[in-house]
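> Residues 50 to 136 in our numbering are what the sequence shown spells out, letter by letter. Following this message is one structure expressed as C-alpha cells.
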Amino acid sequence: MPKPIRPVRVCDHALLRFIERVGGLDTEGLRGHIEGSLNRAVVAAGSIGSKELTVVADGLRYVIVNSIVVTVLSPNMTAKRPKRSKR
Numbered sequence: 050m051p052k053p054i055r056p057v058r059v060c061d062h063a064l065l066r067f068i069e070r071v072g073g074l075d076t077e078g079l080r081g082h083i084e085g086s087l088n089r090a091v092v093a094a095g096s097i098g099s100k101e102l103t104v105v106a107d108g109l110r111y112v113i114v115n116s117i118v119v120t121v122l123s124p125n126m127t128a129k130r131p132k133r134s135k136r
C-alpha cells in the first residue's frame, strides 16, 4: 500500500526567503536594527557574566542566549524552555 501523500508545508526559512525576495523585505536591514537596539543590553549582561537574558523593548520581549536572539515574544506569550535530559 503506498504511503499517503502529505500536504505541502512551508518551513520558516522558505517563508522568510519568499518574503525577502518576492515581498522586498530588507531582512538584513531589520537584523541590523534589532542588533543595534539590543547590543548595549547584551554587553551589560555579559559584563556581569550573564549569558541568558530577556530584553523588553517596544512592547516585545527579546530572548537572548549567548548573544543570539533566539525568539521574540509578544506580551501575552511565554518562553518555553527546552527540556533538559536527565543524567
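Glycine included, every Cβ here is placed at the ideal spot set by N, Cα and C.
Among all the DSSP beta bridges, which residues are the ones paired with Val104?
BP columns for Val104 point to Tyr111.
> Can you list, in chain order, the residues of its chain with a C-beta nearer than 7 angstroms to that of Ala94? Leave out the 5 residues immediately preceding and following it.
Setting aside the 5 residues that flank it on each side, Ala94 is surrounded in the same chain by Leu102, each with a C-beta closer than 7 angstroms to its C-beta; the list follows chain order.
> Would you list the one or two residues that DSSP bridges to Ile117?
Val114
> Just mark Ile113 as buried or exposed, buried being the case when its beta carbon has 16 or more other beta carbons within 10 Å.
buried
> Just how far apart, CA to CA, sit Leu109 and Met50?
49 angstroms
> For Leu122, which residues does DSSP report across the bridge?
Arg110
> Where does Leu79 sit, in a helix, a strand or coil, going by DSSP?
helix
> Nearest by alpha-carbon distance to Lys100: which of Val91, Glu84, Val121 is it?
Val91
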